[in-house]
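Peer 1: Protein chains in written order, with my numbering: chain A, 8 to 76; chain B, 8 to 76; chain C, 8 to 76; chain D, 8 to 76; chain E, 8 to 76; chain F, 8 to 76; chain G, 62 to 354. This is the structure I want to talk about, given as structure tokens.
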Amino acid sequence: MEYIYAAMILHSAEKDINEENVKSIIEAAGIEADDARIKALIAALEDVDIDEAMETTAMAAAAPAAAAP
Amino acid sequence: MEYIYAAMILHSAEKDINEENVKSIIEAAGIEADDARIKALIAALEDVDIDEAMETTAMAAAAPAAAAP
Amino acid sequence: MEYIYAAMILHSAEKDINEENVKSIIEAAGIEADDARIKALIAALEDVDIDEAMETTAMAAAAPAAAAP
Amino acid sequence: MEYIYAAMILHSAEKDINEENVKSIIEAAGIEADDARIKALIAALEDVDIDEAMETTAMAAAAPAAAAP
Amino acid sequence: MEYIYAAMILHSAEKDINEENVKSIIEAAGIEADDARIKALIAALEDVDIDEAMETTAMAAAAPAAAAP
Amino acid sequence: MEYIYAAMILHSAEKDINEENVKSIIEAAGIEADDARIKALIAALEDVDIDEAMETTAMAAAAPAAAAP
Amino acid sequence: MAHVAEWKKEEVLELKGLIDKYDVVGIVDLLNIPAKQLQEMRRNLKDKAVIRMSKKNLIDLALEDCNASKNNIVDLSGHMDGQVAIIATEMNPFKLYKILEDSKTSAPAKPGTIAPEDIVVPAGDTGFEPGPFLGELQQVGIPAKIDKGKIVVQKDTVVVEAGEAVPKDVAATLSRLDINPMEVGIDLKAVYEDEAVYTSDLLAIDEEQTMADLQGAIRSAFNLSINAAIPTDETISSIITLAYTRAINVGVEAAILTSETSGPIIGLAQAKMLAIASAVADKAGAIDDELAE
């Protein structure tokens, strides 16, 4: 999930989610960056509205304590 | 939340969650690092089992494939 | 999802999940294979115990649009 | 489950789910294709709305522990 | 489901699950036997630990994380 | 359970669940039929509704990992 | 049958005729059954079963005579008990047993009758106002006291043990308590069909067990069909569901972004972050204001 987290940091900080930025973060964490995974991440996120995905999460998260045991 | 994501990257990659590493990530994201906040987070995380914390709420993660069209 | 399904076929049949095999399947399905995505897929799966992941309800994540109000 | 995944690849890529295509994928995976199983699968899939079945996944995921004895 | 039950009878009685035996049962039930389905059944069961497959709740994967320990 | 399975074959195929039919199936499976057990089963099934059993079971099948051992 | 009276010979012949005529022959005990009720039950069983009372030794003789054509039927003679009768039918013995059991009723214990099993007076409120009934209860050994204006039995008490005769005073007390411990009806002891004798313990059908077995069979068949990916009309949807679910699970766990997994993956990332945030929320300065709300 490191790549996702990196993207989330950039999103949080309202920075551009691009290959370079993700790679910098991954490498700053001492992880060997895998360009293919970064490319795939960027490509996939192009079609996703992150804020919306986060909002639906928040809602769902708020909802079903009921579902919990 | 960038700081927490930074900690999660380190955790995910099984790297040490320390001030230096978190700071590197934050700065790599082009964010000005707030040392006090990093210190406070590191201190707080010392008492937390991150895996456990993530799992307990993983269910609340309760998000959206369903919701997404 | 095609790439994931391709990996699932190989896993199911206890074949090696490598670039060549995934590519063969994707092409056999009449889809133009995207090498970068395949590389990313292989890299991502390397960190994961597929049997465990299959049964780990990531779908909880997808779950409760139903549960949500 | 190989045969099902093969069908799912075709569905995902909006290709025709027929004997020939399923067989190509299975063989591309290095599996000896069993014609009888492929025929049986195709026959069973004729009466099913795959998209609908996929949607129920989300629902099933939301099904409560309460249903268990 | 007739074919499945036929296989289960043979399994239960520790008889060989082969085409001939399944066919006998199906025909004894007054059903016209479909050789292709029988072949498919036999082929599918070859890879499977029947006892385990009968006991493993198939939909478990679709269940919520909440249910998991 | 062979006798129950035999009854389910007949039910699945919408055949009459009577002594003669159950016996035929059992014998076709190469099992020596126990008349008393067959009679007991037939008598029991007069008061037990298989459709109801199927409905109540379907729920359990859709239910969660929690139900699995 | 040299010393057997003529009427007895005729009776044996009639019994023999009955036994020969039907495939299924049983021995019953007409449990304390009043004549009127027996008549009613005979009427209910009309066309289905014939009941014929007789003496044990005459039934024995008839069974012996029939043994040549109905092998092993003499085994029934070991099950004659109480007020014996023969029941003859074409019904499935298990069904016969069920019909007879279902028609049993309960009745008050008459003084002197033998308790078929322990007769218990249960603990609890008797519904009686305080009065002489309290003494009556204590008289027959039932611990009772006044509680909240009612006579209350303090604990479950066996007043007559199985096999003992019911004393007169106990019978009266039971009747006032509306406890009817006696079973009245036709008690099927054993049935003969096709060379086999089934005793009552074999004849009792456990419906719950049957239901459970059916559900077990159905569940196993579904599981097998789905887990082995053997498509049937009933399971193909579930097989697809399972395959799809597993693929999504793998996609999300491995963070493989696709149109179907991106949402859940982001959701999962955020939820995990929030989980950690809440775990450290009580530590000053550990989380930013946005999260602290």
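Yeah, the Cβ is synthetic: ideal placement off N, Cα and C, and Gly gets one too.
Considering only their Cβ atoms, is the gap separating residue 299 (chain G) from residue 11 (chain E) smaller than 8 Å?
Peer 2: Within the fifth sequence, the letter at position 4 stands for residue 11 (chain E). Within the seventh sequence, the letter at position 238 stands for residue 299 (chain G). Not closer than 8 Å, so no.
Peer 1: In terms of residue numbering, what span does the beta strand (DSSP E) encompassing residue 181 (chain G) cover?
Peer 2: Position 120 of the seventh sequence, counting from 1, holds the residue named residue 181 (chain G). First-last of the beta strand (DSSP E) with residue 181 (chain G): 180-182.
Peer 1: Going by C-alpha to C-alpha distance, which of G:70, G:156, G:116, G:246 sits closest to residue 164 (chain G)?
Peer 2: For this step, residue 164 (chain G) is matched to residue 103 along the seventh sequence. Checked all of G:70, G:156, G:116, G:246; the closest Cα to residue 164 (chain G) is G:246.
Peer 1: Could you say which of F:55, F:63, F:61, F:64 lies nearest to residue 269 (chain G) if we only look at CA atoms?
Peer 2: As a position in the seventh sequence, residue 269 (chain G) is number 208, starting the count at 1. Nearest C-alpha to residue 269 (chain G): F:55.
Peer 1: How about the segment 214-221 of chain G and the segment 164-182 of chain G: do they share at least three Cβ pairs that are nearer than 8 Å?
Peer 2: Yes, the segment 214-221 of chain G touches the segment 164-182 of chain G.
Peer 1: State yes or no: is the C-beta of residue 32 (chain F) within less than 8 Å of the C-beta of residue 13 (chain F)?
Peer 2: Position 25 of the sixth sequence, counted from the start, is the residue given in the question as residue 32 (chain F). Position 6 of the sixth sequence, counted from the start, is the residue given in the question as residue 13 (chain F). Contact flag set, yes.
Peer 1: Have a look at residue 259 (chain G) and residue 136 (chain G) and give me their C-alpha separation to the nearest angstrom.
Peer 2: Locating residue 259 (chain G) in the seventh sequence gives position 198, counting from the first residue. Locating residue 136 (chain G) in the seventh sequence gives position 75, counting from the first residue. Taking the straight line joining both Cα atoms gives about 10 Å.
Peer 1: Examine the Cβ distances between the segment 38-55 of chain F and the segment 81-91 of chain G and report whether three or more of them are shorter than 8 Å.
Peer 2: These segments do not touch.
Peer 1: Of the residues that make up the segment 137-170 of chain G, which ones have a beta carbon closer than 7 Å to any beta carbon in chain F?
Peer 2: So the close ones are 153, 154, 155, 156, 159.
Peer 1: Classify residue 142 (chain G): buried if its beta carbon has 16 or more other beta carbons within 10 angstroms, exposed otherwise.
Peer 2: The residue you call residue 142 (chain G) lines up with position 81 of the seventh sequence. By the 10 Å Cβ count, residue 142 (chain G) comes out exposed.
Peer 1: Which residues in the same chain as residue 117 (chain G) place their Cβ atom closer than 6 Å to its Cβ, once the five residues preceding and following it in sequence are excluded?
Peer 2: The residue labelled residue 117 (chain G) in the question sits at position 56 within the seventh sequence. Contacts found: 141, 145.
Peer 1: Quick one: list the residues of chain E neighbouring residue 43 (chain D), beta-carbon separation under 7 Å, in chain order.
Peer 2: Numbered from its first residue, the fourth sequence carries residue 43 (chain D) at position 36. Near residue 43 (chain D) (Cβ distances below 7 Å), the residues of chain E are 43, 46, 47, 50.
Peer 1: Does any C-beta atom of chain G lie closer than 8 Å to the C-beta of residue 60 (chain C)?
Peer 2: Residue mapping note: residue 60 (chain C) aligns to position 53 of the third sequence, counting from 1. So, interface residue.
Peer 1: Can you check whether the CB of residue 60 (chain D) is closer than 8 Å to the CB of residue 35 (chain C)?
Peer 2: In the third sequence, residue 35 (chain C) corresponds to position 28, counting from 1. In the fourth sequence, residue 60 (chain D) corresponds to position 53, counting from 1. No; because the gap between Cβ atoms is not below 8 Å, this pair is not in contact.
Peer 1: Can you give me the Cβ contacts of residue 69 (chain C) inside the same chain, cut-off strictly under 6 Å, excluding the 5 residues immediately before and after it?
Peer 2: Counted from its first residue, the third sequence places residue 69 (chain C) at position 62. Any reading at residue 69 (chain C) needs caution, since the residue's pLDDT is 38, under 50, leaving its predicted position unreliable; the model's value is listed next. Excluding sequence neighbours, residue 69 (chain C) sits near nothing in its chain.
Peer 1: Is residue 310 (chain G) close to chain C, meaning its C-beta is less than 8 Å from at least one C-beta of that chain?
Peer 2: Mapped onto the seventh sequence, residue 310 (chain G) falls at position 249. Yes, residue 310 (chain G) counts as interfacial toward chain C.
Peer 1: Within 10 angstroms of its Cβ, does residue 167 (chain G) collect 16 or more other Cβ (buried), or is it exposed?
Peer 2: To locate residue 167 (chain G), count along the seventh sequence from 1; it is residue 106. So residue 167 (chain G) counts as exposed.
Peer 1: Relative to the alpha-carbon of residue 72 (chain G), which residue among G:95, G:99, G:124 has its alpha-carbon at the smallest distance?
Peer 2: Taking the seventh sequence and counting its residues from 1, the one referred to as residue 72 (chain G) is at position 11. With distances taken between Cα atoms, residue 72 (chain G) lies closest to G:124.
Peer 1: Where does residue 83 (chain G) sit, in a helix, a strand or coil, going by DSSP?
Peer 2: Here residue 83 (chain G) refers to the residue found at position 22 of the seventh sequence. Correct three-state label for residue 83 (chain G): coil.
Peer 1: Would the segment 38-52 of chain D count as touching the segment 37-44 of chain E if we require 3 or more Cβ pairs under 8 Å?
Peer 2: Yes: at least three Cβ pairs fall under 8 Å.
Peer 1: Could you give the uninterrupted runs of the alpha helix (DSSP H) lying entirely in the segment 294-352 of chain G, keeping only those of 4 residues or more?
Peer 2: Here the runs fully enclosed are 297-314, 323-340.
Peer 1: Since I believe residue 335 (chain G) is in contact with residue 313 (chain G) (beta carbons under 8 Å), could you give me their beta-carbon distance rounded to a whole number of angstroms?
Peer 2: Taking the seventh sequence and counting its residues from 1, one reaches residue 313 (chain G) at position 252. Taking the seventh sequence and counting its residues from 1, one reaches residue 335 (chain G) at position 274. Incorrect: roughly 17 Å between the Cβ atoms, too far for contact.
Peer 1: Put residue 286 (chain G) into one of helix, strand or coil per three-state DSSP.
Peer 2: Mapped onto the seventh sequence, residue 286 (chain G) falls at position 225. Three-state DSSP puts residue 286 (chain G) in a helix.
Peer 1: For residue 14 (chain D), report the span of its alpha helix (DSSP H) as first-last.
Peer 2: Position 7 of the fourth sequence holds residue 14 (chain D). Counting along the chain, the alpha helix (DSSP H) containing residue 14 (chain D) begins and ends at 9-19.
Peer 1: Looking only at DSSP bridge pairs, what is residue 158 (chain G) linked to?
Peer 2: To locate residue 158 (chain G), count along the seventh sequence from 1; it is residue 97. DSSP lists no partner for residue 158 (chain G).
Peer 1: Kindly list the residues whose CB is nearer than 7 Å to the CB of residue 38 (chain D), restricted to its own chain and excluding five residues on each side of it in sequence; keep chain order.
Peer 2: In the fourth sequence, the residue the question calls residue 38 (chain D) occupies position 31. Once the five neighbours on either side are set aside, the close Cβ partners of residue 38 (chain D) are 9.
Peer 1: Determine which residues share a DSSP beta bridge with residue 251 (chain G) and list them.
Peer 2: Position 190 of the seventh sequence holds residue 251 (chain G). Note: residue 251 (chain G) sits in a beta bridge opposite G:88, G:260.
Peer 1: Residue 280 (chain G): buried (16+ other C-beta within 10 angstroms of its C-beta) or exposed?
Peer 2: Residue 280 (chain G) sits at position 219 when you count from the first residue of the seventh sequence. It counts as buried.
Peer 1: Taking CB distances under 8 Å as the criterion, tell me whether residue 22 (chain D) reaches chain G.
Peer 2: The residue you call residue 22 (chain D) lines up with position 15 of the fourth sequence. Chain G, which has no Cβ nearer than 8 Å to the Cβ of residue 22 (chain D), makes this no.
Peer 1: Do residue 15 (chain B) and residue 344 (chain G) have their beta-carbon atoms positioned less than 8 Å apart in this structure?
Peer 2: Counted from its first residue, the seventh sequence places residue 344 (chain G) at position 283. Counted from its first residue, the second sequence places residue 15 (chain B) at position 8. No; because the gap between Cβ atoms is not below 8 Å, this pair is not in contact.
Peer 1: Go ahead and label residue 114 (chain G) buried or exposed: buried means 16 or more other beta carbons lie within 10 angstroms of its beta carbon, across all protein chains shown.
Peer 2: If you number the seventh sequence from 1, residue 114 (chain G) lands on position 53. Burial call: exposed.
Peer 1: What in chain A is Cβ-close to residue 326 (chain G), meaning under 8 Å?
Peer 2: Counting from one through the seventh sequence, the residue named residue 326 (chain G) turns up at place 265. What residue 326 (chain G) touches in chain A: 8, 11.
Peer 1: For a contact meaning CB atoms closer than 7 Å, what does residue 57 (chain B) contact in chain G?
Peer 2: Position 50 of the second sequence holds residue 57 (chain B). Simply 337.
Peer 1: I believe residue 159 (chain G) touches residue 266 (chain G) by the beta-carbon criterion, under 8 Å. Please report the beta-carbon distance rounded to the nearest angstrom.
Peer 2: Reading the seventh sequence from its first residue, position 98 is the one you call residue 159 (chain G). Reading the seventh sequence from its first residue, position 205 is the one you call residue 266 (chain G). So it is a contact: roughly 6 Å between Cβ atoms.
Peer 1: How is the alpha helix (DSSP H) around residue 102 (chain G) delimited, first residue to last?
Peer 2: As a working mapping, residue 102 (chain G) is identified with position 41 in the seventh sequence. Counting along the chain, the alpha helix (DSSP H) containing residue 102 (chain G) begins and ends at 96-106.
Peer 1: By the three-class DSSP mapping on this structure, what secondary structure does residue 29 (chain E) have?
Peer 2: Translated into positions along the fifth sequence, residue 29 (chain E) becomes position 22. Correct three-state label for residue 29 (chain E): helix.
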